[in-house]
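In what follows, a structure is listed as structure tokens, so that the remarks can point back to it.
Numbering (my numbering), first residue to last: 356 to 518.
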């Protein structure tokens, strides 16, 4: 029970930190590096699977990644990039905060339900994969949107040089 409460508190702290990171990100121009680094840094958490207690079956891996990708749809829909002053910025969304906390509550409920039949270690592994699938899918969608905007910016700059 202690681990369940502790992991829930950590998840809530991470969600709160994400909100502040997102608010700060809207004040600075986006870049490919800023988009791809978070899932890259998070991928180091996969080292947890070195320990047998966290290992899950391949079907559970697939389930967790698919659910994470489905959850990412909410983040993708509220993460829009825009061009301002010749740079690409993340457009702030008021809905993002509510969606992030909504996903947190949903994850906690799922964790409580799944935790009844699956060991704590396996549940932890599955929810790491769920979060990774969610962040990876979200960031790939942002990267695609960023590259598309960057291409239009480059085209406009080239046209302006010719005139």
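Yeah, the Cβ is synthetic: ideal placement off N, Cα and C, and Gly gets one too.
Just so it is clear, the structure is predicted and the values come from calculations on it, not from any experiment.
On a CA-only basis, which of the options is nearest residue i? Give me that one, please.
i	options	result
residue 405	503, 477 and 493	477
residue 378	455, 400 and 415	455
residue 399	484, 502 and 501	484
residue 439	411, 382 and 464	382
residue 448	508, 366, 430 and 501	430
Identify the residues that DSSP records as bridge partners of residue i: which are they?
i	result
residue 445	436
residue 384	444
Is DSSP giving residue i helix, strand or coil here?
i	result
residue 312	No answer is possible for residue 312: it lies beyond the span of the chain, which begins at 356 and ends at 518.
residue 473	coil
residue 487	helix
residue 406	coil
Taking the alpha-carbon positions, what's the residue i to residue j distance?
i	j	result
residue 445	residue 385	7 Å
residue 433	residue 397	21 Å
residue 374	residue 504	24 Å
residue 472	residue 426	23 Å
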